[in-house]
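A quick write-up on the structure given underneath.
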Amino acid sequence: MEKVKDFESFDSSKIGFGLSNNNSFDSFNSTDFNSIRQSQIDKHFENSATPAFVMMLSLSVATFIAAFFQRLAWEVSGIRQVFRVKKAYIRKLLHMDVAWLESRHSGQVASMLHDHADSIYQGIADHVPMVIFICAYLLVTSSVCFYIQWDVTLVMFAALPLLIGTRLIFSKWFCKTRDEEQKLLAKMTNLVQETFSCIRTVIAFAAQKQTVNKYERLTIELNRMTEQRLTASSIYDALAQVLLTEFIFTAALCYGMWRVNDANPGRLAALAINMLYMCVTSISIGFHMTGASTARQNANEMNAILIETPNIECYINKHSESMLAPRGHGAIEFKDISFAYPSRPDIEVLKRVSFTVATGEHVAIVGPSGSGKSTITALMLRFYDPTNGTITLDSVNLKKLNPDNLRAQLGLVSQEPVLFDGTISDNIRYGRLNATQAEINEAARKAEAWQFICALPEGMKTRVGDRGLQLSGGQKQRVAIARAVIRDPSVMIFDEATSALDTKHEVEVQRAIDAASQGVTTITIAHRLSTVRNADRIIVLESGQIVEEGSPEELLNNKDGKFHRMYNDQKFDSLTVDKLAANPRARSKVSLAAHFSMTPSDFIDAETYRRAWARSSLGAHKRLGKSYSVLSIDRAKLALPVMSKKRTRMDTPFKTNIMEVAMDDKDYDDHISFPEKTTNFNAIWNLIKSYKDGYTQLSVAIPVTILRGFFFLLVCFELSSVLEIALAPNEETAQQVFITAAVYTALIIIKTMFEAVGRLFIALYGHGFCGYLRNKMFRKILRHGAAYFDEEANTPGRLVHKLMSDTATLNRILGDKLDLLLPAVICSTVSVTIALLINWKLALICSFQFPAFFIFRFVELRETSKRQRQMADQEKKAANLATVVLSNMSTIKAYTLQEHFNNIFYKTLKPLQEVVLLTQFGANFISQLIASVNDMSKARVASGNILNIIKETAVDMNNLSDEGLRPKTTARLMLKNVEFRYPSRPLYPVLRNLTLKVRPGDSIAIVGPSGSGKSSILALFQRMYSTTKGEVLIDNYNVKQINPAYLRRVVVSVGQEPTLFSFTIRENIGYGLPEDEATEEKIIEAAKIANIHHFILSLPQGYDTEVGEFGAQLSGGQRQRIAIARAIIREPRVLLLDEATAALDTASEKAVQSALESVSKNCTCIYVAHRLSSIRSVNKIYVLVDGEIAEQGTHQELMEEKGLYYEMNQSEI
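Under the working numbering, think of the first position of the sequence shown as 18, with each following residue one higher.
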């Protein structure tokens, strides 16, 4: 159905042509041929044809002008309305309730922003005006036909109601099928976005093949549905065209020719031409009605969101009845609060909880994981409203307060802080948008962040990357604390704010928090009881109820109480420390204070710099010396001990500061292989050649389409025979009518058959080609290592846009336009050739406009392609921004940044709108001459993007390769003289000539300050990155020799911030394993070991419970235990634990620690920890500072040395 587009090039000039020809034919046939001489005929032609020619020329010019302004007006209207819809949509999402947002996948919501908006634009700019125009044309033409020959017209109109009725019925089925396809496409988009957003988890669990297979299954299902729709559509269109259109036209024409002696032949010829155009038009209206219906359906879906009223959020403050509370004193009261999350209404998280917090009081809330601690934070921020009870701030019910005004008085630092892609200064300023730079600097000092910020090469202007992933966990946490401090709130909320910090920095930050909390109402949520000892009052939660409440001294004195047991579980064995203190040794030369000190060796020479430059990724080449806007999770653990440029010049006489090295881009470009930017039609041709599975479809479609063009010409020739009979009737007219009708009918049937087959196969080729490109691009992207995703050009939003939108653009060209272009080329070439053979003079006169057309076409295509590249870049920025905003909505709401990000989105869209309007205005003039200019330009840009991805080779590793060794390992690990620099920051070493050995079955721990390179070691063992120098060995095998998937099956990690996918709990635990290995028994056993089994069984759907996007439906501790179960089920030979128990309460930590110890008996374990009490039993402890081993030994040995490790333990007591 959507393929029926013969009317695409139809314009209103046909009305004028029909009317004018009516007069011409009528005038011509009023003369008796038998009664005049040839000279009289010539004179009569001259007298009658000249006025008709002038009239037709005038009507053509008027039609051209009218069509130009009609198309321009509708398209400009469509562009403006779609941009308004996009702005209104993103603003509405920013002001929707958190519960509403959590019930939808951000990928689906973001895809609606592009796909639905594009459909609405097509409806407004193309389908709706064409439906209006066609209806008007049919009305006018039918009136003319009735005027010319009413009885013949009635014959043709007999089947019109049947045609319209069947079209409407088919349209309903068509829209329903398209809706199912859109849902499946949204599911694919969400899978792709979630995969790219959590790429390091995908790599760590070698789940690339599993993810690709899942995506390809969805692609196959989408292709199956599409093939069914296209086949049914092609059959229906062919039958409708032959039976209800062409046959009726033939019957009416035959009837008219049979009555030619009773009617005016000229009128009958004009009637034939108008009837022919009406038939073509009646077919075309179905396509445009379907497009308009799809646009209306998508508009209704978006409008349903736009008109939806949030229960909590104030969409437009001036329309809200909520009161704007003045800055208060921070007195809080929870009164009989009960609450269940909307996604799980049967599970009550809080049960009649009541407590008060006086002005300036510091209250700590502790308890097991999942007891409802963080839920109190969500209720305080009014992300949700309680099921029962009331919450007041300064005696005012929160439901009566404007949510944004409420949150402006609260400062939040969460367990997993979210920073936005921008500078450190920008992220701190998000706490208060009108803050000065001096205030930002002071906030950084209060949060103990100033020292590490000064050590960065760009200082406050250093870009932190998406979600702050360029910084280490501790650095990110301190920036988040500074962001909260600068708000100067009346209530501070710290939800495990120091859980990501090492002991040294925890003490410093805790001291900063205590200072910032002076005179401010403070609520601290914590597992580590050492962080709440300065609280005025402690509330102990368990199973959503308050089981204890009192001051720290009171709760500690209650030896039978819950808090006392929790405290004893965490209490450090101080007797050991006392004994060691009696026999002190010389302290280690390394101290915590040395962490940020500088020596000349911290700078690298020019030759090392050049080698690093040549190895670095393309994105780094473009950004070095300016900003470091990259996205990396593991680079987040990066140690950056380089001082600011100013301090370096003052303090060191050496000319080895890398910032002073002259950079000659030309010298280094010789060693760099930049991806070729293919943006011409060769890119499209290369992609078509690569799709060999489509050769069969093309081998059928192209010849059939060419034959269709020839038969169309034959139909036109036969139609000329019809006109000849009408204009020159004789005694054999009846016989000629019968023969002509038979030949015409046969040609129509053959032409329609070729047309249906050609369109079907071209459409199938287009959709198959689109699916092929998506699968190939997805595979190619997932082959890359973590460094590829660090580049700014490869953010999740931009990759999703390339994968889903650029391929759809090519599909529109190959599936929708190819069946028009091929017949057009064939028909125009053959018809001009025949015309030249018949009368070359007249043919040249009639085809004089062709050269001008081609010149205009070439110029317009070149200029439009330039603008399309600009548009594509802006579209990717807008898509990436929408993805970032939708993925971090809670943080945006907590800091009342909705309007700020709405303005950023508007500024991103504005240049795109300007480019589109300029492009469309220029294209409209030419598009009246030749269609599809913009589509071809978009196809050139899209094909270039696609080909660049497909041509990219995986640097240093191929994560989908089956090559490589698969040795049976004893899990002997070694780092041998390893130096490591992140590819996007090749100037600064993270690890420096590091050598580390781990015997099979041993457990070692790596400790040290935040950003010292601990997590980078784990990333190297999993081969997330490759070393700059040195080797990473497993049983004397270099990890580069081992198959990447096998390596990650042997070496399994559990990170500090676990990532879960929007699957069921069962699927998350078995993630990355083949279905035959992830059995129900193994999944349950792993859950039991991870101490999560009983919690899962308490859920209504058990192991089939959906965890939400990024595991949002679970608490931090619950997510962590599922992540541990995901590691346990793989039965690893090497287990890497990066603060794996940091998010757990004391009881769960002990249970999981015991489980991990039992698992570690059969494998080698490497712990990265800040909580030193959890690693005292390991075989060896390495203390890492600035990428070098400062101390090593057992817990006993290091405590006896009274060095850095001893200091860290003393700080933890």
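Cβ coordinates follow ideal geometry from the N, Cα and C atoms, glycine included.
How is the alpha helix (DSSP H) around residue i delimited, first residue to last?
i, result
"residue 1213", "1212-1218"
"residue 421", "420-424"
"residue 119", "115-119"
"residue 554", "Residue 554 -> not in any alpha helix (DSSP H); beta strand (DSSP E) instead, spanning 554-559."
"residue 1133", "1133-1145"
"residue 219", "216-221"
"residue 911", "906-911"
On a CA-only basis, which of the options is nearest residue i? Give me that one, please.
i, options, result
"residue 1031", "164, 1198, 93, 921", "1198"
"residue 1007", "1015, 996, 1014, 1001", "996"
"residue 729", "767, 756, 706, 175", "767"
"residue 977", "1011, 1017, 1064, 990", "1064"
"residue 1120", "1126, 1110, 1128", "1110"
"residue 491", "505, 155, 467", "467"
"residue 1067", "986, 1098, 1136, 1141", "986"
"residue 784", "168, 202, 76", "202"
"residue 135", "158, 99, 159, 149", "99"
"residue 1062", "787, 71, 222", "222"
"residue 799", "206, 219, 183", "219"
"residue 558", "367, 585, 500", "367"
"residue 1076", "1034, 1014, 1139", "1139"
"residue 1042", "1024, 1005, 1022, 999", "999"
Which word fits residue i, buried or exposed, when buried means at least 16 other C-beta atoms lie within 10 angstroms of its C-beta?
i, result
"residue 1091", "exposed"
"residue 840", "buried"
"residue 950", "Bear in mind that the predicted position of residue 950 carries a pLDDT of just 46, short of 50, making it unreliable; the figure below should be weighed with that in mind. By the 10 Å Cβ count, residue 950 comes out buried."
"residue 1214", "exposed"
"residue 596", "Unreliable placement is indicated for residue 596, whose pLDDT of 37 sits below 50; the coordinate value is still reported in the next sentence. Classification of residue 596: exposed, given that the 10 Å Cβ count is below 16."
"residue 245", "exposed"
"residue 702", "exposed"
"residue 225", "buried"
"residue 675", "Residue placement at residue 675 is flagged as unreliable, the pLDDT there being 28, under the threshold of 50; a coordinate-derived value is accordingly withheld."
"residue 1098", "exposed"
"residue 712", "exposed"
"residue 86", "exposed"
"residue 49", "The predicted position of residue 49 is uncertain, since its pLDDT is 44 and thus under 50; a value taken from the coordinates is nonetheless stated next. With fewer than 16 other Cβ atoms within 10 Å, it is exposed."
"residue 506", "buried"
"residue 983", "exposed"
"residue 677", "Residue confidence for residue 677 is low, a pLDDT of 32 falling below 50, so the modelled location carries little weight; the figure read from the coordinates is stated next. Exposed is the call here."
"residue 861", "exposed"
Which two residues bound the contiguous beta strand (DSSP E) that contains residue i?
i, result
"residue 562", "562-567"
"residue 821", "Where residue 821 is concerned, there is no enclosing beta strand (DSSP E), given that its DSSP letter is neither H nor E."
"residue 391", "First-last for residue 391: 390-397, but that is the alpha helix (DSSP H), not the beta strand (DSSP E)."
"residue 1037", "That residue, residue 1037, is in no beta strand (DSSP E); its alpha helix (DSSP H) goes 1031-1038."
"residue 1151", "1151-1155"
"residue 549", "Element bounds for residue 549: n/a, residue is neither H nor E."
"residue 428", "427-430"
May I ask you to list the residues that DSSP assigns as paired with residue i?
i, result
"residue 1046", "996"
"residue 1209", "1199"
"residue 374", "349"
"residue 991", "1014, 1050"
"residue 379", "539"
"residue 410", "349, 413"
"residue 1021", "1183, 1197"
"residue 1008", "997"
"residue 811", "Its beta-bridge partners do not exist; DSSP assigns none."
The ligand ATP and residue i: does the residue's C-beta get closer than 7 Å to at least one heavy atom of that ligand?
i, result
"residue 543", "Although the ligand ATP was asked about, the structure shown includes no ligands whatsoever."
Margin query: Suppose only complete runs of 3+ residues qualify. What are the beta strand (DSSP E) ranges in the region 1043-1131, listed by chain order?
Written below: Within the region 1043-1131, the complete beta strand (DSSP E) runs of at least 3 residues are 1046-1051, 1068-1071.
Margin query: Going residue by residue through the region 444-521, where are the continuous beta strand (DSSP E) segments of at least 3 residues, counting only ones entirely within it?
Written below: With a minimum length of 3 residues, the continuous beta strand (DSSP E) runs that stay inside the region 444-521 are 508-512.
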